[in-house]
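Chemist: Got a structure for you, questions after.
Numbering (our numbering), first residue to last: 1 to 282.
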């Protein structure tokens with residue numbers, strides 16, 4: 001007896017193919033759309049980071065002006081309006097900003113931001129922290145639309161703190177370092193007078209009083225612009241570039257107001273071109 005186990009099953013591959021296609025499309029949607037969501041999240045995070053930095057940088061040390069509290073939001077929006085998420089501009093309603101202050105833990109080295117409602121902060125604290133939240137809405141999906149997942153939202157948040165630091169900077173008001181770009185420059189000439197005709201002097205430190213200002217002594221006055229008197233680009237523009245410290249500010253402790261840290265000396269203290277050997281006036 002001969003048994004035939006073969007059986008014709010025409011069309012059986014069609015349902016298997018249909019099931020496989022669903023799985024294949026699902027995996028494609030998983031790969032493509034999750035990648036798109038990750039890209040959108042990255043775009044939103046970069047926007048939030050830049051916005052928080054811009055807001056924190058807007059804050060200043062002027063307590064009388066609430067540390068420029070009102071200038072933070074325009075600075076934040078100025079950044080977000082130039083940013084895009086998946087090629088789509090970030091709308092103002094999609095941006096939220098909070099302004100506060102922070103507590104610093106010296107042991108842990110961590111910042112704890114505090115965001116009070118409105119401008120209600122302790123008098124001992126300064127506005128120094130900005131939080132920017134970007135929520136990009138209704139971003140189009142791709143293959144996931146097959147599963148009725150047509151759009152998605154992404155949200156990113158960033159916090160930046162403004163922590164002023166004291167720095168030291170050495171300024172050569174004498175002009176004696178004017179050849180600093182020429183290493184090993186040979187003997188040039190007798191240095192007879194001040195080599196820096198820049199007439200602005202600091203308003204801070206021990207140089208702020210005329211009787212204490214540092215001067216160079218000489219025997220012969222040299223005209224401004226001569227080979228010996230070559231100005232340094234401290235508060236004036238020279239061939240070396242724009243002024244280095246002309247826009248520096250200093251706090252007037254008497255008034256609590258920030259002022260330009262350098263000012264033009266008056267005519268009575270024109271020691272660089274005086275004929276009496278550049279002596280400090282009595």
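Where is the CB? At the ideal position from N, CA and C, for every residue including glycine.
These figures come from a predicted structure and were not determined experimentally.
Using a threshold of 8 Å, state whether the C-beta atoms of residue 70 and residue 144 are closer than that.
Modeler: For this step, residue 70 is matched to residue 70 along the chain shown. For this step, residue 144 is matched to residue 144 along the chain shown. Taking 8 Å as the Cβ cut-off, residue 70 and residue 144 do not qualify as a contacting pair.
Chemist: With a threshold of 7 Å on Cβ separation, who are the neighbours of residue 49 within its own chain once the five nearest residues in sequence on each side are excluded?
Modeler: For the purposes of this step, residue 49 is identified with residue 49 of the chain shown, where counting begins at 1. Excluding residues within five positions, the ones whose Cβ falls inside 7 Å are 158.
Chemist: Are the CB atoms of residue 124 and residue 102 within a distance shorter than 8 Å?
Modeler: On the chain shown, residue 102 is found 102 positions in, with the first residue counted as 1. On the chain shown, residue 124 is found 124 positions in, with the first residue counted as 1. Taking 8 Å as the Cβ cut-off, residue 102 and residue 124 do not qualify as a contacting pair.
Chemist: For a test of the three-state rule: what should DSSP assign to residue 107, helix, strand or coil?
Modeler: For this step, residue 107 is matched to residue 107 along the chain shown. Residue 107: coil per DSSP, three-state reduction.
Chemist: Give the straight-line distance between the Cα atoms of residue 29 and residue 84, rounded to the nearest whole angstrom.
Modeler: Here residue 29 is taken as the residue at index 29 of the chain shown, counted from 1. Here residue 84 is taken as the residue at index 84 of the chain shown, counted from 1. Cα to Cα, residue 29 sits roughly 23 Å from residue 84.
Chemist: Could you give the C-beta distance for residue 36 and residue 136, rounded to a whole number, given that I count them as a contact under 8 Å?
Modeler: Numbered from its first residue, the chain shown carries residue 36 at position 36. Numbered from its first residue, the chain shown carries residue 136 at position 136. That belief does not hold up - the Cβ atoms of residue 36 and residue 136 are roughly 12 Å apart, past 8 Å.
Chemist: Between which two residues does the alpha helix (DSSP H) harbouring residue 76 extend?
Modeler: Stepping through the chain shown from its first residue, residue 76 is reached at position 76. Unbroken alpha helix (DSSP H) run through residue 76: 72 to 80.
Chemist: Which stretch, first to last residue, makes up the beta strand (DSSP E) that contains residue 140?
Modeler: Counting from one through the chain shown, the residue named residue 140 turns up at place 140. First-last of the beta strand (DSSP E) with residue 140: 129 to 140.
Chemist: From the DSSP output, in three-state form, read off residue 279 for me.
Modeler: Within the chain shown, residue 279 is the residue found at index 279, counting from 1. Reliability fails at residue 279, whose pLDDT of 39 lies under 50, so the model's placement of it is uncertain and no value is given.
Chemist: To the nearest angstrom, how far is the alpha carbon of residue 120 from that of residue 234?
Modeler: What you label residue 120 is simply residue 120 of the chain shown in a count that begins at 1. What you label residue 234 is simply residue 234 of the chain shown in a count that begins at 1. In a straight line, the C-alpha of residue 120 is about 42 Å away from that of residue 234.
Chemist: Quick check: the stretch 74 to 93 against the stretch 39 to 58, are there 3 or more CB pairs under 8 Å?
Modeler: At 8 Å Cβ cutoff, the stretches touch.
Chemist: Given that a residue counts as buried once 16 or more other Cβ atoms are within 10 Å of its Cβ, and exposed if not, what is residue 22?
Modeler: Taking the first residue of the chain shown as position 1, residue 22 is located at position 22. It is exposed - the Cβ of residue 22 has fewer than 16 other Cβ atoms within 10 Å.
Chemist: Could you give the DSSP three-state label for residue 219: helix, strand or coil?
Modeler: As a first step, residue 219 must be located in the chain shown, where it is residue number 219. Reliability of the predicted coordinates at residue 219 is poor, the pLDDT of 37 falling under 50, and the value obtained from them is presented with this limitation in mind. It is coil, neither helix nor strand.
Chemist: Go ahead and pull the three-state DSSP assignment for residue 32.
Modeler: Locating residue 32 in the chain shown gives position 32, where the first residue counts as 1. Three-state result, residue 32: helix.
Chemist: What would DSSP say about residue 248, mapped onto helix, strand or coil?
Modeler: Sequence index remark: in the chain shown, residue 248 carries index 248 (1-based). Looking at residue 248 - three-state DSSP - the assignment turns out to be coil, as it is neither helix nor strand.
Chemist: Looking only at DSSP bridge pairs, what is residue 260 linked to?
Modeler: As a first step, residue 260 must be located in the chain shown, where it is residue number 260. According to DSSP, residue 260 bridges with 249.
Chemist: Determine the contact status of residue 86 and residue 139, defining contact as a CB-CB distance below 8 Å.
Modeler: Taking the chain shown and counting its residues from 1, one reaches residue 86 at position 86. Taking the chain shown and counting its residues from 1, one reaches residue 139 at position 139. Contact: yes.
Chemist: Which whole-angstrom value describes the C-beta separation of residue 115 and residue 131, a residue pair presumed to lie in contact below a C-beta threshold of 8 Å?
Modeler: Residue 115 sits at position 115 when you count from the first residue of the chain shown. Residue 131 sits at position 131 when you count from the first residue of the chain shown. Sure, about 7 Å apart at Cβ, within 8 Å.
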